[in-house]
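What follows is a short report on a single structure.
Numbering (my numbering), first residue to last: 8 to 291.
So this is what it looks like as structure tokens:
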């Protein structure tokens, strides 16, 4: 029996098998749960072993490992034969001033947030191409629109994911595969507790670091319910004609157009004020 939307109509993309990465908590967990409620056969993944929940079968997956991705995808295909929907939600938040962040630390952020999504997509796409049907939903971030101090490499990785998603959408659309990006704003997901930190601290950045981290942490801890963001992800996965980009959260709706409309100096002033950054040094 087909799952029903809240208005009683059947979803345009019929239920099948969905693979949701990063499903141990937050938006990924709620997305997996909602897809299961819509009669999808759902596999969720986590870097460590996690118990099944609410009709979701959990598998171990490290998106930074080719072997791990291949083994996970093979396991799903061996069990059920198809993967109709891929939700690339696995990601990592890195907090650190740019100069304080070793390039190896920055590369690890990209390996999860950008190359991890590509690694899973590339492993599943041959199956989707062969069937002429599939959906890929990449979960980005509103951070892609603003180079927020204290999370520059995280923002850069999500901006790169946005452009990768846009290109991939064009490349595979004629093959029956639709690709969309969901960009959530601030949601309370536990991502702050799991965030990595730069290994070095430079005294010149003490005030910037303290204020930036405090602003980021307060915003994320007071964020919205991740189930609301998951609802947007499910909408992208089941829409008849999925859009290129979906915003999740009110700030994700108004900030991108505001960035395009405001003069750069106004936007910069708002960011500096919002993060409590010290004034620029007077020029001699």
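A virtual CB, placed ideally from N, CA and C, is assigned to each residue, including glycine.
In this text the structure is predicted, and so the values were computed from the model without any measurement.
Supposed close pair residue i, residue j - CB separation, criterion 8 Å
| i | j | result |
| --- | --- | --- |
| residue 147 | residue 84 | Wrong, their Cβ atoms sit about 27 Å apart, outside the cutoff. |
| residue 107 | residue 207 | 5 Å |
| residue 62 | residue 77 | The Cβ separation is near 25 Å, so there is no contact. |
| residue 91 | residue 126 | Wrong, their Cβ atoms sit about 19 Å apart, outside the cutoff. |
| residue 93 | residue 175 | Not confirmed; about 11 Å, so no contact. |
| residue 190 | residue 97 | Incorrect: roughly 16 Å between the Cβ atoms, too far for contact. |
| residue 99 | residue 120 | 6 Å |
| residue 227 | residue 198 | 6 Å |
Which listed residue (the options) has its alpha carbon closest to that of residue i
| i | options | result |
| --- | --- | --- |
| residue 86 | 65, 142, 102, 203 | 65 |
| residue 237 | 273, 193, 79 | 193 |
| residue 271 | 124, 115, 153 | 153 |
| residue 186 | 169, 195, 200, 198 | 169 |
| residue 70 | 51, 118, 89, 82 | 118 |
| residue 231 | 51, 195, 252, 218 | 195 |
| residue 30 | 286, 262, 233 | 233 |
| residue 6 | 172, 181, 105, 162 | In the structure as shown, the chain begins at 8 and stops at 291. Residue 6 is therefore absent and cannot be evaluated. |
| residue 134 | 255, 218, 184 | 184 |
| residue 75 | 58, 52, 89 | 52 |
| residue 58 | 45, 38, 32 | 32 |
| residue 164 | 112, 36, 140 | 112 |
| residue 150 | 204, 288, 266, 289 | 266 |
Where residue i falls: helix, strand or coil (DSSP)
| i | result |
| --- | --- |
| residue 207 | coil |
| residue 59 | coil |
| residue 221 | helix |
| residue 173 | helix |
| residue 143 | strand |
| residue 259 | helix |
| residue 98 | coil |
| residue 106 | coil |
| residue 9 | With a pLDDT of 37 at residue 9, under the threshold of 50, the modelled position of that residue is not reliable, and no figure is offered here. |
| residue 121 | coil |
| residue 277 | helix |
| residue 283 | coil |
| residue 155 | coil |
| residue 148 | coil |
| residue 71 | coil |
| residue 164 | helix |
| residue 133 | helix |
| residue 308 | The question about residue 308 has no answer here: the residues shown for the chain are numbered 8 through 291. |
| residue 126 | helix |
| residue 88 | coil |
| residue 82 | helix |
| residue 289 | coil |
| residue 272 | helix |
| residue 2 | The structure shown does not extend to residue 2, since the chain is modelled only from 8 through 291, so no value can be given for it. |
| residue 40 | helix |
| residue 216 | helix |
| residue 45 | coil |
| residue 21 | coil |
One or two residues paired with residue i in a DSSP bridge
| i | result |
| --- | --- |
| residue 26 | 50, 93 |
| residue 190 | 254 |
| residue 231 | 194 |
| residue 266 | Residue 266 is not bridged to any residue. |
| residue 185 | 142 |
| residue 65 | 51 |
Contact check, residue i vs residue j, beta carbons under 8 Å
| i | j | result |
| --- | --- | --- |
| residue 158 | residue 102 | yes |
| residue 156 | residue 277 | no |
| residue 56 | residue 40 | no |
| residue 244 | residue 142 | yes |
| residue 132 | residue 80 | no |
| residue 215 | residue 160 | no |
| residue 49 | residue 144 | no |
| residue 60 | residue 22 | no |
| residue 212 | residue 34 | no |
| residue 28 | residue 95 | yes |
| residue 254 | residue 235 | no |
| residue 251 | residue 173 | yes |
Chain C within 8 Å of residue i, Cβ atoms only
| i | result |
| --- | --- |
| residue 252 | Of the protein chains in this structure there is only one, and it is not chain C. |
Residue i beta carbon near the ligand ZN (any heavy atom closer than 7 Å)
| i | result |
| --- | --- |
| residue 74 | For the ligand ZN, the structure offers nothing, since it holds no ligand at all. |
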